[in-house]
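Residue numbers (the numbering used here), protein chains in the order written: chain A, 16 to 155; chain B, -8 to 103; chain C, 101 to 593. Written out below as structure tokens is the structure these notes cover.
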Amino acid sequence: MRENDVILQTVSKIAVFIILTFGVYLFLAGHHNPGGGFIGGLTLSSAFVLLYLSFDVETVNAGIPLDYKKVAALGVLIAVLTGMGSLLFGSSFLSQTFAYFDLPIFGKTELATVVLFESGVALGVIGVVVTIMISISEDV
Amino acid sequence: METIITLLVGILVSVATYLLLSKNLIRVVLGTAILSHAVHLLLMTMGGLKIGSVPILGDQVETYTDALPQALILTAIVISFAVTAFFLVLVYRTYQSTGTDNLYELKGSKDE
Amino acid sequence: MNNILVFPMVLPIIAGVLLLFFRSNPNIQRWGSILTMIVVFLISLWILQQVMIQGILRLDFGEWLPPFGITFVADAFAMLLVTASSLVSILCLLYAAFAKDEKREHFFLYPFLLLLVAGVNGSFLTGDLFNLFVCFEVMLLASYVLMTLGGEKKQLTEGIKYILINILSSWLFLLGMAYLYGTLGTLNMAHLSVRIAEAGQPPLLTTISILFLVVFSLKAGLVLYFWLPGSYGALPTAVSALFAALLTKVGVYALFRFFTLLFYHEPSVTHTMIGWMAIATMVGGSLGAIAYKDIRKIAAYNVVIAIGFILVGLASFNYEAIQGSIYYLIHDILLKGMLFLLIGTVIYVSGKTRLDQASGLIANYPLFGWMFLIMLLSLGGIPPFSGFAGKLLIGQGAIGAQEYVMVATAFLSSLFVLYSLLRIFLNMFWGETSIRLKDQMHLSKGTLAPLLILAVLTTGLGLGMGILAPYVSEAANVLMNPELYIEKALNHK
């Protein structure tokens, strides 16, 4: 049974961008404020889930041809390897550091290595959540 | 406040126990989900509910709420999320291949 | 700073995740995972040597000092188990690589086996209670997937029970942890030990310790083993061997850590209880082992008996008994792997799962038959093989602790082990052969290789117990003197 979901589709076309922006904001805000890789990743993945809800799986897969299992694997790999990265500088596993840089537009900005780790977490969360959603809904 | 939350944990556990003991597999899955939420609440209560400010270094704050239980709960939630999702898919697959979601019909092999 | 400590856990994770990208190439999956485990094995041997030279090693994650950060603490006990489990996983992976179960290999068999090993190694190494929970869950999630991989009906129905019982025990684990944090305000194991010692382990803490006893008994199959035979019987050979070798042993390891490092002040309550539970386990396991004709069930009940036997050492709680338990634990990790590989191979070559349905296999496969004999003698604790030293020391220790009932049950249970396995041997290997030579399944050299290595290992360990002796006595020394562990695990250099 195919329902008429014009409203849902139109709203989600706009809402997805708002959610994605908010997800990126949460991800970047996470160093000093509530947010971070896990929460940002969940928000980002909710945008993907919304897309899958309002359009069918084939349409979305044609637009975003990603194997989400591999996204999750890539995320875990990035997270673990950034943890190992501190070994190269003679510190303990999972150590982190930060420094202030003068960037052209942003001015004085704090850049922290933990962002690299968090990006792995975010990718992992996106991959896992979307994989779960697709595999539960695949043949209902 | 701690007492009320502890009572709530008790209620959640009893609901979860009731669901776990039912024959229907979906109810069992829901039971495990509620069970894990109950213990997350308990972890938070045992760490002390709110005694100070947000545990982020700030200027005029004297006391901070213990952040450890929250970190533990976040981890535990992620784990229970993964387990519940896996369990749900497994139950669905079992239903597809055996044609029943009644636990009594899923007993072990006949020669036992 | 000893970053090397993290490798036994992190290398399998990295390799497992990398292998996800090589789904279409089974050869890379097979040999990549074996190579990884060989590297992990060599690294853990090296760490073991370092532990013997430098004493207990510690790694603070992210340079957060204990008791605030997460630490990995490697003492001789943990490293012996890491080494043994890495070794047995190499052999199980080797068996899986030659069994070529392509359906399962396509659905990420090797990545999940590697994640399982990562969880096991992490559980052995961690010095933090919550991290122990996380490593348990990594191991359990991988085991859930492995349990149901392939999607046969029996696997699915047994998988549901297995997952349900483990969710429940994880729940109890979190519950115990909440109570412990509420009363003591820390989750670092060494720090917990200090605070429990300061408080003198009042009845409240003893009660919490019993909660943990229930949790780890469920994992280890101590008394609460009713989930074990069914679920182990539903698995493919290599996976069941790895499960039998490792999963229950992690529970046993946790019991040893908890009741030697944390809750050792009231042995008259906790250790007596463990003693009676061990007796009940051995009795129940022995009854199960002789009651069934299904050889997978017999093998599963043999796992149960061994758990009871090892915990007799913990219940007796003296230096000899603990030493014996460590010997027996290492022996059991290797031999339970071998038992399940052999049983799986028997089912593969005969196509039968009941011991009265086949006979005379030794005529068809002489080498295989003799390896089965070696395995059963070794599990029974007959002198030239590796089970003997452990049994002897546990017996001595239990007599020293005047636990005569336990000694009697323990040695009677050994007879039951011997009888139940001899029954398989006499029925299935001896007698008139039931498979004609031209019909017999070919048993490749690759399949026999891991079995042969295990047979050589058990003989070698039995004859050369002296090589292990310094490591085991160091491990037992740390277990019996918690202050050694605490000093190294808490000091701020």
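Note that the Cβ used here is the ideal one computed from N, Cα and C, for glycine as well. None of these values were measured; they are calculated from a predicted model.
Query raised in the report: Mind pulling the chain C residues with CB within less than 8 Å of Met37 (chain B)?
Result: Ala278, Tyr279, Tyr281 and Gly282
Query raised in the report: In whole angstroms, what is the alpha-carbon distance linking Ser5 (chain B) and Leu33 (chain B)?
Result: 14 Å
Report task. Could you tell me whether the Cβ of Leu59 (chain B) comes closer than 8 Å to any Cβ of chain A? Result -> no
Query raised in the report: Quick one: is Ala77 (chain A) buried, meaning 16 or more other Cβ sit within 10 Å of its Cβ, or exposed?
Result: exposed
Query raised in the report: Among C:Phe363, C:Asp539 and C:Thr248, which one has its Cα closest to the Cα of Arg295 (chain C)?
Result: C:Phe363
Query raised in the report: Using Cβ-Cβ distances below 9 Å, what residues of the segment 67 to 80 of chain B are close to chain C?
Result: Ala67, Ile70, Ser71, Ala73, Val74, Thr75, Phe77 and Phe78
Query - For Arg158 (chain C), the first and last residue of its enclosing beta strand (DSSP E) - result: Leu157 to Asp160
Requested in this report: Answer yes or no: do Arg130 (chain C) and Tyr195 (chain C) have a C-beta to C-beta separation smaller than 8 Å?
Outcome: no
Requested in this report: Out of C:Tyr448, C:Ala391, C:Ser514 and C:Ala498, state which residue places its alpha-carbon closest to the alpha-carbon of Leu479 (chain C).
Outcome: C:Ser514
Query - Members of the segment 218 to 251 of chain C near chain B, C-beta cut-off 7 Å - result: Phe230, Val234, Glu237, Leu241, Tyr244, Thr248 and Gly251
Query raised in the report: For the alpha helix (DSSP H) that Glu163 (chain C) lies in, which residues bound it at each end?
Result: Glu163 (chain C) -> no alpha helix (DSSP H), and no H or E assigned at all.
Requested in this report: Return the Cβ separation of Trp271 (chain C) and Val30 (chain B) in integer angstroms, given the expectation that the two are a contact with Cβ distance under 8 Å.
Outcome: 6 Å
Requested in this report: Measuring only between beta-carbons, confirm whether Ser150 (chain A) sits less than 8 Å from chain C.
Outcome: no
Requested in this report: Quick one: using the 10 Å Cβ neighbour count with 16 as the cut-off for buried, is Tyr115 (chain A) buried or exposed?
Outcome: exposed
Query - Listed by chain order, chain B residues near Gly259 (chain C) by CB distance under 9 Å - result: Leu81 and Thr85
Requested in this report: Could you check the C-alpha separation between Ala299 (chain C) and Lys98 (chain B) for me, to the nearest Å?
Outcome: 47 Å
**Report entry** Any chain A beta carbon closer than 8 Å to Asp432 (chain C)
**Finding:** no
Query raised in the report: Out of C:Tyr448, C:Met506 and C:Leu554, which has the shortest C-alpha to C-alpha gap to Ser486 (chain C)?
Result: C:Leu554
Query raised in the report: In its own chain, which residues sit with a C-beta less than 8 Å from the C-beta of Asp456 (chain C), not counting the 5 before and 5 after it?
Result: Lys393 and Asn527
Query raised in the report: Nearest to His46 (chain A) by alpha carbon, out of A:Gln111, A:Ala30 and A:Val145?
Result: A:Gln111
Query raised in the report: chain B beta carbons: is any one of them nearer than 8 Å to that of Ile147 (chain A)?
Result: yes
Query raised in the report: By Cβ distance below 7 Å, which residues in the same chain neighbour Ile390 (chain C) in space, the five residues on each side in sequence not counted?
Result: Phe516, Tyr519 and Ser520
Query - Partner residues on chain C for Ser110 (chain A), Cβ-Cβ distance less than 7 Å - result: Gly162 and Glu163
Query - Beta carbon of Gly408 (chain C) nearer than 8 Å to that of Gly385 (chain C) - result: yes
Requested in this report: Answer with buried or exposed for Arg396 (chain C), where buried requires no fewer than 16 other C-beta atoms within 10 angstroms of its C-beta.
Outcome: buried
Query raised in the report: Around the Cβ of Thr36 (chain A), are there at least 16 other Cβ atoms within 10 angstroms (buried) or fewer (exposed)?
Result: exposed
Query raised in the report: Of all the CB atoms in chain C, is at least one closer than 8 Å to the CB of Thr89 (chain B)?
Result: yes
Query raised in the report: Quick one: what does DSSP say Asp539 (chain C) is sitting in, helix, strand or coil?
Result: helix
Report task. Kindly indicate which residue of C:Val412, C:Ile433 and C:Leu434 has the alpha-carbon position closest to the one of Gly424 (chain C). Result -> C:Val412
Requested in this report: Buried or exposed for Asn266 (chain C), please, with buried defined as at least 16 other CB atoms from any protein chain shown within 10 angstroms of its CB.
Outcome: buried
Report task. Taking the CB atoms as reference points, tell me whether Ala341 (chain C) and Gly444 (chain C) lie closer together than 8 Å. Result -> yes
Report task. At 9 Å on the CB atoms, spell out the chain B contacts of Lys72 (chain C), in chain order. Result -> No information on residue 72 (chain C) is available, as it lies outside the stretch 101 to 593 that chain C covers here.
Report task. Could you tell me which chain C residues have their CB closer than 8 Å to the CB of Val91 (chain A), listed as they occur along the chain? Result -> Ile113 and Val117
**Report entry** Closest by C-alpha distance to Leu442 (chain C), when choosing among C:His206, C:Phe468 and C:Val117
**Finding:** C:Phe468
**Report entry** Distance CB(Gly388 (chain C))-CB(Met289 (chain C)) smaller than 8 Å
**Finding:** no
Query - CA nearest to the CA of Val173 (chain C), picked from C:Ser269, C:Gly562 and C:Met109 - result: C:Met109
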